[in-house]
Amino acid sequence: MSPFPSFLSATFRILISIVITMIGLLLITFFIGRVMPIDPVLSIVGESASRATYDEAYIRLGLDKPLIVQFFNFLIDVFRGDFGESLLTARPVSQDLIRVFPATLELATVGTIIGVLVGVPLGVIAAVKQGTWFDHVARVVALIGYSMPVFWIGLIGLLVFYGILGWVGGPGRLDIFYVDMIPSVTGMILIDSLLAGDMDIFWNAVSHIMLPAGLLAYYSLAYISRMTRSFMLEQLEQEYITTARVKGLSEHTVVWRHALGNVKVQLVTVIALSYAGLLEGSVLTETIFSWPGIGLYITTALLSADMNAVLGGTIVVGLVFVCLNILADLLYKVFDPRAR
Amino acid sequence: MTHNSETAQNQHNQSLHSWLLSETPTSRRQAKLSVIYHSWLAFKSNPMAMAGLVILVLLLICAAFAPFLTTHDPFEQDLALGLSAPGENGFWLGSDNLGRDIYSRLIYGSRITLYIVTLVAVMAPIAGLFIGTLAGYLGGWLDFVLMRITDIFLAFPRLILALAFVSVLGAGIENAVLAIVLTAWPPYARIARAETLTIRNADFISAVKLQGAGPLRIIVRHIWPLCISSLVIRVTLDMAGIILTAAGLGFLGLGAQPPSPEWGAMISAGRKFILYHWWVATMPGLAIFVVSLAFNLLGDGLRDVLDPKGKS
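Here it is as structure tokens:
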């Protein structure tokens, strides 16, 4: 921790780039909202409103001001957490988002955990057994993961595991008679049911989350296992590995302690990135599984031209995405002494 | 082919082979062709990449000769024969709820897939090439502004941004293409800029400058050609992603509109029947999967062959 000041200035530079990126992100959503063909005034006052009412609403919305002023007002609204009202739910978009976000978070988190638990060992073994049948199978498994349309494999999964085999719960987060039976503390049913001590609900929630989370996990393990493999190959070529072997350490220790220990930092970055990817990938998955998360919220809003909800959802997902990317960057800098 | 002409052909191939592999090319054309031939040999020895190539050639054939390969009119409805299982009533892959032949619709759908992929694969890299080379060659504040814009677009989750764009532009194939292009160009801009930065201080650029060439001419005539190969690799690797995004937009009802036989839209239409009539949604999904897998295999192989960093 000796070069503390330089570390601080690096943090400062990162902060600046966060601010620029976030403002840019808001600028893009602002323009998307402005150039849309739906007239925001008409959607409030209705088709038959008189000219005077229309003008009044036009001025009340601030549309008569210059664009730059409008953007500034938009920024203030966003920082106050005010995304306007949803046409569909007739509630403030921010409240809706707070309600749906935990569902997505729960799904993406479980997906990432499974993805890491399977993907990392798969990548390590593929690297150790480079060129063998195991390596080829791992490569094909990953390629299939990259190539599969998630909404399709979700449907097939529902058909096989729910429709035919009956192993998992169907669409939604819980069976219908369990819904709203426990107080919502975190909004994540797996945690809430444990807090309430209701194991029936917990296992029901598990049976519902297994399939969608498993699918998301497949996508992240495809990415994680490929990256793990290439990081490991790089390490296994190093001389310290030979030294460790010469010293007579078991192959197990060499691979899983020494080599894997040295790719930990890079892996954390990759995992953070894939976590961000899963938050996005959940849009289509949630549509298939009627999972009441942010992805389903955005797509439903989109189909009913509820622009406030779409833009609010887009901003939140964008911000989370950017934050995770930056977090990945920061973790790298904090844990890897070479990057400081 | 008779035995004689076959040996003649073989001999001809032999001489062509050695001409192409000659260590001492006698003309510029021979040297160039020889490089291509070497790459081809390396590519050919990769069975997975070849499999990808074969599938894509088949896809091209399907799209080109669709009217000759199909058994039904893709739009013709016959409600009495709706939801026939594969093989029943002369429907090879079954029929959908309106009694349309799924096989014929898949074949015609390959045209839409190719149309979308081609448009995106041409427009996005060109946009990225333009922005990246401009930023890299001219430098200064222009570089800073363009690269910050690129960063912002990169920071956005792609599908969400595409969704937002389509919602503004309105549903439809062309708008879906535009939305995908708007979200796909930033990586190309980055690659093009990186290539430009390594080239721009090279001696041959100074030589061209001394001969009086302006920045535009240098960029277009001397920098662009050198950026192409790394862009091509990246595009091939991105193709599968483009197909999946386009199909996702179609699935959400934001891409191609019914009755167009777009694969994503077909899955979405078959979704209602999935529990009892599995084939309606399964077949188009298989098509999407096979094509994007083929692009991934091809991209992987091309990277091994063309990427100068991976070679040595």
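Protein chains in written order, with this note's numbering: chain A, 122 to 461; chain B, 844 to 1155. Glycine included, each C-beta is placed from N, C-alpha and C at the ideal position.
Endpoints, the alpha helix (DSSP H) within which residue i is located
{"i": "K887 of chain B", "result": "R871 to K887"}
{"i": "Y418 of chain A", "result": "I415 to L424"}
{"i": "M331 of chain A", "result": "M320 to L357"}
{"i": "R1036 of chain B", "result": "I1016 to I1042"}
{"i": "L1118 of chain B", "result": "Here L1118 of chain B belongs to no alpha helix (DSSP H), and DSSP marks it neither H nor E."}
{"i": "G402 of chain A", "result": "L381 to F410"}
{"i": "G1091 of chain B", "result": "W1067 to F1094"}
{"i": "M990 of chain B", "result": "G983 to A998"}
{"i": "H257 of chain A", "result": "W254 to S268"}
{"i": "Y453 of chain A", "result": "M428 to F456"}
{"i": "R172 of chain A", "result": "R172 to R181"}
{"i": "V289 of chain A", "result": "First-last for V289 of chain A: undefined, no H or E at that position."}
{"i": "V1051 of chain B", "result": "D1046 to L1053"}
{"i": "R366 of chain A", "result": "E360 to V367"}
{"i": "P1157 of chain B", "result": "Coverage of chain B is limited to positions 844 through 1155, which leaves residue 1157 of chain B absent and any answer about it impossible."}
{"i": "F272 of chain A", "result": "V271 to G278"}
{"i": "I312 of chain A", "result": "I310 to A317"}
Helix, strand or coil at residue i [DSSP, three-state]
{"i": "S938 of chain B", "result": "strand"}
{"i": "D944 of chain B", "result": "strand"}
{"i": "F192 of chain A", "result": "helix"}
{"i": "H855 of chain B", "result": "helix"}
{"i": "M806 of chain B", "result": "Since the first residue shown for chain B is 844 and the last is 1155, residue 806 of chain B is missing from the structure and cannot be characterised."}
{"i": "H860 of chain B", "result": "helix"}
{"i": "T233 of chain A", "result": "helix"}
{"i": "F918 of chain B", "result": "coil"}
{"i": "E1105 of chain B", "result": "coil"}
{"i": "L370 of chain A", "result": "coil"}
{"i": "A892 of chain B", "result": "helix"}
{"i": "L1004 of chain B", "result": "helix"}
{"i": "S138 of chain A", "result": "helix"}
{"i": "D1143 of chain B", "result": "helix"}
{"i": "G975 of chain B", "result": "helix"}
{"i": "S927 of chain B", "result": "coil"}
{"i": "T307 of chain A", "result": "coil"}
{"i": "E866 of chain B", "result": "coil"}
Beta-bridge partners of residue i, as assigned by DSSP
{"i": "P213 of chain A", "result": "A:E206"}
Proximity winner among the options, relative to residue i (alpha-carbon distances)
{"i": "V1075 of chain B", "options": "B:L985, B:Y880 and B:V1148", "result": "B:V1148"}
{"i": "M393 of chain A", "options": "A:R378, A:F152, A:Y179 and A:F442", "result": "According to the sequence provided, residue 393 of chain A is Ala. The question's Met does not apply to it. Of the listed residues, the one whose Cα sits closest to A393 of chain A is A:F442."}
{"i": "S1072 of chain B", "options": "B:F1138, B:Y946, B:P968 and B:Q920", "result": "B:P968"}
{"i": "A964 of chain B", "options": "B:R991, B:G930, B:A1027 and B:T976", "result": "B:A1027"}
{"i": "R294 of chain A", "options": "A:W377, A:M331, A:S169 and A:I277", "result": "A:M331"}
{"i": "R991 of chain B", "options": "A:I310, A:M143 and A:E177", "result": "A:M143"}
{"i": "L941 of chain B", "options": "B:G925, B:S1103, B:A1035 and B:G1084", "result": "B:G925"}
{"i": "S425 of chain A", "options": "A:L452, A:I415, A:A397 and A:L209", "result": "A:L209"}
{"i": "L354 of chain A", "options": "A:F204, A:Y340, A:L423 and A:V376", "result": "A:V376"}
{"i": "H199 of chain A", "options": "A:D321, A:L148 and A:K368", "result": "Here the sequence assigns Val to residue 199 of chain A, which means His is not the residue at that position. Of A:D321, A:L148 and A:K368, the residue nearest in Cα terms is A:L148."}
{"i": "G975 of chain B", "options": "B:I1003, B:L901, B:G1013 and B:E1038", "result": "B:E1038"}
{"i": "T420 of chain A", "options": "B:G1144, B:G1093 and B:K1115", "result": "B:G1093"}
{"i": "Y396 of chain A", "options": "A:L342, A:L264 and A:N383", "result": "A:L342"}
{"i": "R212 of chain A", "options": "A:A430, A:I447, A:Y453 and A:L451", "result": "A:A430"}
{"i": "I235 of chain A", "options": "A:A338, A:D185, A:P242 and A:I180", "result": "A:A338"}
{"i": "L949 of chain B", "options": "B:I1117, B:G1107 and B:L1118", "result": "B:G1107"}
{"i": "F973 of chain B", "options": "B:I1034, B:T1125 and B:F918", "result": "B:I1034"}
{"i": "T225 of chain A", "options": "A:K454, A:L448 and A:L405", "result": "A:L405"}
Residue environment, residue i, which counts as buried when at least 16 other CB atoms sit within 10 Å
{"i": "I436 of chain A", "result": "buried"}
{"i": "K1154 of chain B", "result": "Reliability of the predicted coordinates at K1154 of chain B is poor, the pLDDT of 37 falling under 50, and the value obtained from them is presented with this limitation in mind. Per the 10 Å Cβ criterion, exposed."}
{"i": "M844 of chain B", "result": "At M844 of chain B, the pLDDT of 44 sits below 50, so the modelled position is not reliable; the number obtained from the coordinates is stated separately. By the 10 Å Cβ count, M844 of chain B comes out exposed."}
{"i": "P1030 of chain B", "result": "buried"}
{"i": "A229 of chain A", "result": "buried"}
{"i": "H855 of chain B", "result": "exposed"}
{"i": "M348 of chain A", "result": "buried"}
{"i": "V261 of chain A", "result": "exposed"}
{"i": "M269 of chain A", "result": "buried"}
{"i": "D217 of chain A", "result": "buried"}
{"i": "V306 of chain A", "result": "exposed"}
{"i": "P1000 of chain B", "result": "buried"}
{"i": "M428 of chain A", "result": "buried"}
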